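A.B. asks: I have a structure I would like to understand better, so I am pasting it below and will then ask my questions one at a time.
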Amino acid sequence: MSGIAITTPFAPLALLAGLLLLFGKIWPSRPGLIATIGCTILYYLQWRISQTIPWGSGARALCWPLICLFVEVAALFDGAILLAILARPRDRSAEADRGEARLRRAWDEDATSLPPVDVFIATYNEPREVLEKTILGCLSLEWPDARVWVLDDGRRPWVRDLCVAKGAGYVNRPDNKGAKAGNINHGLTVTQAPFVAVFDADFVPRRDFLLRTMGFFDEERIGIVQVPHSFYNHDPMQTNLGLQQTMPDDQRFFFEAIMPGRDGWDAAFCCGSNSVTRRTLFESIGGGLPEGSITEDMLLTMASLRQGYVTRYLNEPLAFGLAPESTAAFFVQRQRWAQGAIQILYLKQGPLGPGLKLRHRLLFLPSAWITQGLQSVFMVLTPILFMLFNLAPMTGIDLQSVIHYVLPLIVAMMSGITLLAPGRYYPLAAQILSMFQTFRILPVALQTLFKPKGLVFKVTPKGSDAGGSPWESTILCGALLLIGVSFAGLMINASADRHIVSQMGLMPMVALWTMLNMFMLLLVAMMCLEKPRVRGEERFALRQGVTLLGGDGQMIRSDRGDISISGLGLEMDEPTDLRVGDRVEMVVPDVGLVRGFVRRAGRRIGVEFDFHSEEVRDRLIISLFTGSIEVNAHRPSASAAALAVVRRLWAADLSIAQGVPRLPDAAPVQEKLSAQTRIIAPSGLSDRLKGPLDWQEAPLSATA
């Protein structure tokens, strides 16, 4: 093999490029792409194991190369599972179309023929500005008998009063046993509809959510229907790097590529929100959600598989919520996910317990939480250790063997997955995010691996509670330190007199590797600087024209601008006579007459709303959040996204948010209802808010 590598170092790379072009563009073939990537992995591994490990040497010489090999093999194992997932994606939209048509016909003929649905909104400490959107959205669902229940684990009087005012049911319980799972299980004991839809407190469903999902339950084996988590705001990576308009949120790869692929293997799983579940499924597994893990949703799916039920995944944005609004909130969420995923390994209901098929055991293994972190750590530390301590991860390697074996593997994995998930996978952004997360996620995952019990469920802070430090100091210091050490290693080995590395022929390759790491670490450092979020509410581009009525009788109409719950901005062709402070009225489609004050004049008119009634504000919320929203909907090519990331270094914005409070160690003391169960039945949304609204207009899109 070494002789082949010397004589034809570029042959495997050329063959790989040809096959990727053939199966990715000329004759698109998913099996062909996966076979190409798989053969490249096997070709690399046979060389890596047989030629680069000093098997005849002592234990000391073997230690570091074997550790590096173990990390590589573990990462490639998870890569093989990913390829299996991407092998058979399913698009269920046509089934949803047929199901919706059947349901609408049945509704027209006899509304009572459609089963009741209990709609649960699980809440603990979310503020009013977050919770009220979800309540109004759920109350607006198109379904003859949708019973909306707010399950308030915070026992807050204002939540009870809000539910009564809007028409939602209210349920609380005496304690918080079992966290979110326990809250939902308590809700199951006081309700009785045959189907249960669950939403987190920040997710607002589209009006047609139930019409698009309930049709799947015509098949008796379907126990859960899950839809993606889509967001109407931008996540910390998009915001802190200024990539809101050039990069989708980081969860698109999971929800739009991985979950449809898992569905093809009947291994999609409940994601905690935006799902509908048969009540008989709950009854078959003991009456509710398993409470053994802080991520109850995945356990629910595995329990349902053991009872013969399947989770179906519909890849349509039918509910929109809040992505983490700060780096601190981001890590609260991701650390909980990592802890819960590792925790299930130790549970009888987990992937290693009895009653699951082999494919389900493999597809539910949470090893990626550890292997991705270890891969990022070794990618950064390996060249540093080589330059500073002459510690090589491989033996018998030169530039030609790198070109012959290593480079094809990198190209196959990154280009192949990009072709398998176009517009969903962005290699450079994925590596940067993985490196960013590793500082905080890997220690938590490893700690949970050895100490899985006693974990506390932490709710992701939302809205006004999602504050944090102006910068993520731990990761920032770590990234800058690694950049400094990498630079020192390059400088030391650049000198012929002081160099440490014995194989100087490898230094050009190592230097390129190190500079790539330094580039990504610089972007990681930029992500640590929390950018100011100057708007209290997300703005959406206007989808219909707005008419503005001035105090002197002038009438202005524009369909260019944006709107939020707090105000709107209109773009005009010519400056108007309006002045700051003028009182105006606006005719907003689907909402009616809205009053406000001019806060900005000229060609760009800014108006702050002054609602004359709560009903008008509710109609505006329903109009904005229960139709289609085009936030994070753009899907640039991988090369365009990578170019946008690179440009951030040339136009780096190093400003940080000022005056952002740190997350408190404990939630502030709030007035609580007494520790007893309360049940207030839902009365439904006021008929005055159910007016005929045109939901077929162009989708809303967030503005920068």
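Following UniProt numbering, the numbering of the sequence shown begins with 1 at its first residue and continues without gaps.
Glycine included, each C-beta is placed from N, C-alpha and C at the ideal position.
For clarity, every value in this text was computed on a predicted model and none was experimentally measured.
Starting from the Cα of G416, find the closest Cα among L19, F10, R90 and L578 and give me that residue.
C.D. replies: Of L19, F10, R90 and L578, the residue nearest in Cα terms is L19.
A.B. asks: W337 by DSSP, collapsed to three states: which one?
C.D. replies: Helix at W337.
A.B. asks: Can you confirm whether the stretch 333 to 344 touches the stretch 452 to 461 when touching is taken to mean that 3 or more C-beta pairs between the two stretches lie within less than 8 Å?
C.D. replies: Cβ pair count under 8 Å is three or more, so yes.
A.B. asks: Reducing DSSP to helix, strand and coil, say where L162 ends up.
C.D. replies: Helix at L162.
A.B. asks: On a CA-only basis, which of P144, P174 and L139 is nearest D152? Give me that one, please.
C.D. replies: Ranking the options by Cα distance to D152, first place goes to P174.
A.B. asks: Which runs of the alpha helix (DSSP H) spanning at least 4 residues fall entirely within the stretch 496 to 545, listed in chain order?
C.D. replies: Counting only runs of 4 or more, we get 507 to 527.
A.B. asks: Suppose only complete runs of 3+ residues qualify. What are the beta strand (DSSP E) ranges in the stretch 585 to 628, listed by chain order?
C.D. replies: Taking only runs of at least 3 residues, the beta strand (DSSP E) segments lying wholly in the stretch 585 to 628 are 592 to 600 and 604 to 609.
A.B. asks: So if DSSP puts P205 in a beta bridge, which residue, or which two residues, is it bridged to?
C.D. replies: For P205, which the question treats as bridged, DSSP gives the partners A319.
A.B. asks: Excluding the 5 residues flanking G596 on each side, which residues of the same chain have their C-beta closer than 7 Å to its C-beta?
C.D. replies: Here the set comprises G567, V584, M586, V607, E608, F609 and D610.
A.B. asks: Measuring CB to CB, does F231 end up less than 7 Å from N632?
C.D. replies: For F231 and N632, yes; Cβs fall inside 7 Å.
A.B. asks: How about Q349 and M298: do their beta carbons lie closer than 7 Å?
C.D. replies: No, Cβ-Cβ distance for Q349 and M298 is not below 7 Å.
A.B. asks: With distances taken from CA atoms, which of Q431, E296, G505 and A496 is nearest Q400?
C.D. replies: Ranking the options by Cα distance to Q400, first place goes to G505.
A.B. asks: Have a look at the DSSP bridge pairing and note the partners of T123.
C.D. replies: According to DSSP, T123 bridges with D152.
A.B. asks: Would you say I370 and A445 are within 7 Å of each other, going by their C-beta atoms?
C.D. replies: Result yes, Cβ atoms of I370 and A445 sit closer than 7 Å.
A.B. asks: When you compare only the Cα positions, how much space is there between Q244 and P317?
C.D. replies: Straight-line Cα distance between these residues: approximately 19 Å.
A.B. asks: Entirely within the stretch 54 to 107 and at least 3 residues each: give me those beta strand (DSSP E) ranges in chain order.
C.D. replies: Listed in chain order, nothing qualifies, since the stretch 54 to 107 has no complete beta strand (DSSP E) run of 3 or more residues.
A.B. asks: Taking the beta strand (DSSP E) that M555 belongs to, which residues open and close that run?
C.D. replies: From DSSP, the beta strand (DSSP E) with M555 extends over M555 to S558.
A.B. asks: Would you kindly work out how many angstroms separate the C-alpha atoms of E671 and P157, rounded to a whole number?
C.D. replies: Each residue's Cα considered, the two are about 7 Å apart.
A.B. asks: Can you give the Cα-Cα distance for D91 and D250, rounded to whole angstroms?
C.D. replies: Those two C-alpha atoms are separated by around 21 Å.
A.B. asks: For the pair the stretch 68 to 80 and the stretch 182 to 202, tell me if three or more CB-CB distances fall below 8 Å.
C.D. replies: As far as the Cβ criterion goes, the stretch 68 to 80 does not touch the stretch 182 to 202, which means the pair count is below three.
A.B. asks: Any idea if K166 is buried or exposed, counting beta-carbon neighbours within 10 angstroms, 16 or more meaning buried?
C.D. replies: The residue is buried, with at least 16 neighbouring Cβ atoms inside 10 Å.
A.B. asks: Taking a contact to mean a Cβ-Cβ separation below 7 Å, would you say E325 touches A181 in this structure?
C.D. replies: No, Cβ-Cβ distance for E325 and A181 is not below 7 Å.
A.B. asks: Would you call the CB atoms of S376 and T438 closer than 7 Å?
C.D. replies: Yes, the pair counts as a contact, with Cβ atoms nearer than the cut-off.
A.B. asks: Quick one: using the 10 Å Cβ neighbour count with 16 as the cut-off for buried, is E296 buried or exposed?
C.D. replies: That one is buried.
A.B. asks: Taking the continuous beta strand (DSSP E) assigned at Y313, which residues delimit it?
C.D. replies: Counting along the chain, the beta strand (DSSP E) containing Y313 begins and ends at V310 to Y313.
A.B. asks: Hey, would you say A479 sits closer than 7 Å to V510, going by beta carbons?
C.D. replies: Result no, Cβ atoms of A479 and V510 do not sit closer than 7 Å.
A.B. asks: Could you give the first and the last residue of the continuous alpha helix (DSSP H) run that contains N172?
C.D. replies: Where N172 is concerned, there is no enclosing alpha helix (DSSP H), although the beta strand (DSSP E) it sits in stretches over G169 to N172.
A.B. asks: When you compare the CB positions of D573 and A541, do they come within less than 7 Å of one another, or not?
C.D. replies: Not a contact, by the Cβ cut-off of 7 Å.
A.B. asks: Let's test the definition: count the other Cβ atoms within 10 Å of the Cβ of R539 and tell me whether it reaches 16, buried, or not, exposed.
C.D. replies: Label assigned to R539: buried.
A.B. asks: Between G551 and the ligand NAD, is the CB less than 6 Å from at least one heavy atom?
C.D. replies: By its list of ligands, the structure shown contains no ligand whatsoever, and the ligand NAD lies outside what it can speak to.
A.B. asks: Let's test the definition: count the other Cβ atoms within 10 Å of the Cβ of P461 and tell me whether it reaches 16, buried, or not, exposed.
C.D. replies: Per the 10 Å Cβ criterion, buried.
A.B. asks: Between the alpha carbons of R600 and E571, how many angstroms are there, rounded?
C.D. replies: Approximately 11 Å, taken between the alpha carbons.
A.B. asks: By the DSSP assignment, the beta strand (DSSP E) with I222 in it spans what residues?
C.D. replies: Where I222 is concerned, the enclosing beta strand (DSSP E) stretches over I222 to Q226.
A.B. asks: Would you list the one or two residues that DSSP bridges to G355?
C.D. replies: Paired residue(s): none; G355 is not in a bridge.
A.B. asks: What would DSSP say about W265, mapped onto helix, strand or coil?
C.D. replies: Three-state result, W265: coil.
A.B. asks: Express the C-alpha separation of Y313 and V71 in angstroms, rounding to a whole number.
C.D. replies: About 32 Å.
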